[in-house]
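As structure tokens, the structure follows; a few thoughts come after it.
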Amino acid sequence: MADSLVIVESPAKAKTIGKYLGKKYIVKASMGHVRDLPKSQWGVDTNNHFKPKYITIRGKGEVLKELRKAKKKVKRVYLAADPDREGEAIAYHLAHSLNLELDDECRVVFNEITKQAVKDAFKHPRKIDMDLVEAQQARRILDRLVGYGISPVLWKKVKKGLSAGRVQSVAVKMIIDRENEIRNFKPEEYWTVTAVLEADGELFEAKFYGYGKKKEELKSKDDVDGLLAAIKGKRYVVQTVKKSERRRNPAPPFITSSLQQEAARKLNFRAGKTMAVAQQLYEGVDLGKKEGTVGLITYMRTDSTRISETARTEAREYIQKEFGDAYAPQKPRTHKKQAGAQDAHEAIRPTSTLRTPKAMKAYLSRDQFRLYKLIWERFVASQMAPAVLDAISADIRVGEAIFRATGSKVKFPGFMKVYIEGNDDGKKEEAKFLPPLEEGQKLKKKSLDPKQHFTQPPPRYTEARLVKTLEEKGIGRPSTYAPILDTIQKRGYVVLEDRRFVPSELGEIVISLMEEFFPEILDVEFTVSMEEQLDHIEEGKVDWVQILERFYEQFKKRLEVAEEEMKEVEIKDEVSDEVCEKCGSPMVYKFGRYGKFLACSAFPDCRNTKPILKSTGVTCPDCKQGEIVERKTKKRRTFYGCGRYPECEFVSWDKPVPRPCPRCNHLMVEKRRKKGTLIKCTECDYQEEKN
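First residue of the sequence shown? That's 1 in this note's numbering, and the numbers climb one at a time after it.
Spelled out as structure tokens, the structure:
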């Protein structure tokens, strides 16, 4: 008979831990939180030290009934929720619901779900950490005060159903500020002049640098014409050649934010998907009879690049065996702690370097494999020797003008043999080689290419870039990045267009009103300060009630002013050119949780709605009548289909190209791959690289 009950959040985690602990333990799942503040009321007594009113979450009654029944059969209960504030809060609410003593050493935590880590954790149970619980409780109440305080004002003055969040509103403001930068941006003209030169039969490029030692910018065609006139007929002569050796260090192992950014760049994963797949890898995957169910990665909500000595030693031994001693650094590699990091857990890494992606592939889904491979490669590379590059720079004199050519060559790949970090613009690094050059060497000019350019506005935020900015500014914490991105889209305040955030009219109106009446909520420094105060609660340095009292005293006054002085705003629906096919009324544009859509203006008498179809300008190859349009699945995945659906059922996951195949005249589509986009014919074997 079992003598202990272990409670975790999910069935997958319960299954994995149950296999490690054996028959003396019953392992059950709480399915996440069991208690929370009520949805239908404030749930916080602001006149009584912000005492929260917790109720059992709808649907969790049966779960608690089963847990209470299981508790009667055992001598001891262990609470093994995730090792963070939220996990500690779940443990606290379970203890309350099951009438456990808070002084009992019932809390068990582990950073990885492996047999050894779990067994070690159960040798050292502890009391529930009330500092962690109170930090999470303070965050929850703070968000409730803001959300349930401002939202009714917005319902009354703007539109029913609106809501305002504390951290989410700051994120929306950042997106709006960026959009305003783009709107107000004034492009400036500039030119480049590139010379294609030949040295001993090899071609290379050199770009105009300046005159003499001074760097000059070419701002107009007159500047370019002046340069071309000055160098006309002049010889291209190598003036100086500088050679150097550069060392390049690997990126540190993943933390939550860098994992979300890199998964977006390399795997095209949304932040929410990255965390969901990482959770699966953390909770355990069945590796067959030999190993059973094992957690493949450490806990995925962390801001620390720290790793254990055991993991570092295992990685070093693997690197030496697989690649040779030269690929292991002379001293074990450590990475600098980020400013403001809580450093509560290790970095995100494989629980064993020896579980290579190749060995794990048969046990993982496609998404699990791709994310695991990314985590494994990043970690192994982080423990490898630096790459060594030979860099060369040559200044080429043409009269008084100087053209500069640069190049680099990998002398020793080091960590680059395993992994190279991505970048936000999606461009792959390409090594540029220069032929051997000597000072005084005369070069042959093959061509001269002047090009006009205009400065570009700052780019809109992608999910990856927004997460990076939130982290840099100290807004939110590892567990909040994905929910922030999800929430601002569900509320219709922003939409994703071509994977970049664009604010909606509704979002701009709400943020404008909040700027006027609740400026502190949108102030980055204020938000960062609140995050730091929550950290201080966790560290036991300050009392959570005092933090809330200081905040609410000012916030309550702001609410009273807004109630009195905020003017009503009428949001008129934008009328489209389309007519409702059901009643003949004009269709209007509306915003929903998935972005813009068309709805009948005669609502509620007519409830007709339809998606906004984005045309590709390509005629359907099946029916030869309709136009191929961009559509979305229920999970928001883009596909392409005939605009005459359901009469014509043509569909394609690949984006059609608005020109026929030059060989057979059939439809061509874009095929994405790691090395770039390929344009392929759907009928014959014709293909070409996309420029």
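Here a beta-carbon is modelled for each residue, glycine too, at the ideal position from N, C-alpha and C.
Note that the coordinates shown come from a computational prediction; the quantities given were computed from them, not determined experimentally.
The stretch 501-513 makes no contact with the stretch 603-619: fewer than 3 CB pairs, one atom from each, lie closer than 8 angstroms. In this structure, the CA atom of Leu142 is about 12 angstroms from the CA atom of Lys51.
Burial is judged here by how many other beta carbons sit within 10 angstroms of a residue's own beta carbon; His345 has at least 16 and is buried.
His124 is classed as exposed because its beta carbon has fewer than 16 other beta carbons within 10 Å across all chains shown. The beta carbons of Leu296 and Tyr372 sit closer together than 7 angstroms. Listed in chain order, the non-local C-beta contacts of Lys273 below 6 angstroms within the same chain number zero, local neighbours out to five positions each way being set aside.
Around the beta-carbon of Ile571, fewer than 16 other beta-carbon atoms lie within 10 Å, marking it exposed.
In the DSSP secondary-structure assignment, Tyr236 is bridged to Leu443.
Taking the C-beta atoms as reference points, Gln239 is found nearer than 7 angstroms to Asp395. The alpha-carbon separation between Asn665 and Cys642 amounts to approximately 19 angstroms. For Gly407, DSSP records a beta bridge to Ile392. DSSP places Tyr92 inside the alpha helix (DSSP H), whose first and last residues are Arg85 to Ser97. Going by DSSP, Asp120 is part of the alpha helix (DSSP H) stretching over Lys115 to Lys123. Secondary structure note for Val133: its alpha helix (DSSP H) is the uninterrupted segment Met130 to Lys157. Leaving aside the five residues that flank Thr619 on each side, the residues in its chain whose CB is nearer than 7 angstroms to its CB run, in chain order, Glu627.
C-alpha of Cys580 to C-alpha of Val467: approximately 40 angstroms in a straight line.
With a 10 Å radius around the Cβ and a threshold of 16 neighbouring Cβ atoms, Arg178 comes out buried. Counted as a single uninterrupted DSSP element, the stretch harbouring Trp653 is not any beta strand (DSSP E), since DSSP gives it neither H nor E. Per DSSP, Gln687 is not a residue of any alpha helix (DSSP H); the beta strand (DSSP E) it occupies stretches across Gln687 to Glu689. In terms of Cα proximity to Pro660, the closest of Thr638, Glu688 and Arg644 is Glu688. Look at Trp544 here: in three-state DSSP terms it is helix.
Burial is judged here by how many other beta carbons sit within 10 angstroms of a residue's own beta carbon; Cys681 has at least 16 and is buried. Note on geometry: alpha-carbon atoms of Leu37 and Leu102 lie some 21 angstroms from one another. Closest option to Arg183, judged by alpha-carbon separation, among Pro458, Asp367, Ile113 and Tyr493: Pro458. In this structure, the alpha-carbon of Glu438 lies about 10 angstroms from that of Lys242. With fewer than 16 other CB atoms across the displayed protein chains lying within 10 angstroms of its CB, Ala362 is exposed. By the CB criterion at 7 angstroms, Ala482 and Met300 fall outside the cutoff. Ser615 carries a strand assignment under DSSP once its states are collapsed to helix, strand and coil. Burial check for Asn268: the Cβ neighbour count within 10 Å stays below 16, so the residue is exposed. In the DSSP annotation of this structure, the continuous segment of the beta strand (DSSP E) that includes Lys632 starts and ends at Glu627 to Lys632.
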